[in-house]
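Numbering (the UniProt record's numbering), first residue to last: 1 to 269. Notes follow once the structure below has been shown.
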């Protein structure tokens, strides 16, 4: 029982999945077109059946008319034979009179048979006529229903196309809302601001580096002056204070050790 229950559940699940796939794969227009084709085929089959029934009715009606015509014809023959018998009987010809009376009786018998056949066919013909009338009415209703189906198909297909177009427009609107141009512009603006800030930072960094280089040059000049003054002290000379600032002459100053004192004096002056 457990195995059967599990198998039944698996079968039910498989059917549900298949039905879901079929529902997703259904194209309303194709399905409606197929319904119209199926209904058209049903109408064609119904027309064939109705045509056959009408044909049978017409055959019965023709047989009925033939029976009626035969009954009239045999009645006329019976009347003619009876008159002929009367003529022979008036002429005292009993043999021929009896002969034509017998022919009249045969004709009357055939007339009665034809009348019985016609009378027996009347209910069948009436039933067939009623059936044909109903079939024609049903066929007309089917044709009218098919026309309604075609109109409904056209309406639904138009509505489907309209809904599909609206869905595409809504999807486009959603994509526009997601990709808001103003947000994109803001993002680009922020990116450009960051780039501008990076350039300013690089410029400031370059400027500070250049200042540091000049500062190092000043420190180097100061160190050179210190070395020169130290050398002058060691050589017994008095170092010149602020020599570079006090120097108004373009002549070079010689701080080398062992230089001439007069030269140094001139340099100091």
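All C-beta atoms, glycine included, are put in the ideal place defined by N, C-alpha and C.
{"Check": "Taking residue 270 as the reference, which of 27, 44 and 173 has the closest Cα?", "Outcome": "The question about residue 270 has no answer, for the chain in this structure spans 1 to 269."}
{"Check": "Just to confirm before moving on: does the CB-CB distance between residue 64 and residue 118 stay below 9 Å?", "Outcome": "yes"}
{"Check": "Identify, in the order they occur along the chain, each residue of the same chain with its Cβ nearer than 8 Å to the Cβ of residue 67, setting aside the five sequence neighbours on each side.", "Outcome": "114, 115, 117, 118 and 121"}
{"Check": "Nearest to residue 40 by CA position, among 94, 144, 81 and 163, is which residue?", "Outcome": "144"}
{"Check": "Take the Cβ of residue 100 as the centre, count every other Cβ of all protein chains shown within 10 Å, and call the residue buried at 16 or more, exposed below.", "Outcome": "buried"}
{"Check": "Which stretch, first to last residue, makes up the alpha helix (DSSP H) that contains residue 236?", "Outcome": "It is not in any alpha helix (DSSP H) - residue 236 carries neither H nor E in the DSSP assignment."}
{"Check": "Between the beta-carbon of residue 32 and the beta-carbon of residue 156, is there less than 9 Å?", "Outcome": "yes"}
{"Check": "Which same chain residues, not among the five before or five after residue 50, have their C-beta less than 6 Å away from its C-beta?", "Outcome": "135 and 139"}
{"Check": "Residue 114 by DSSP, collapsed to three states: which one?", "Outcome": "helix"}
{"Check": "Helix, strand or coil: which one does DSSP assign to residue 270?", "Outcome": "Look at the range of the chain in this structure, 1 to 269, and you will see that residue 270 is not part of it."}
{"Check": "What do you reckon, are the CB atoms on residue 160 and residue 28 nearer than 9 Å?", "Outcome": "yes"}
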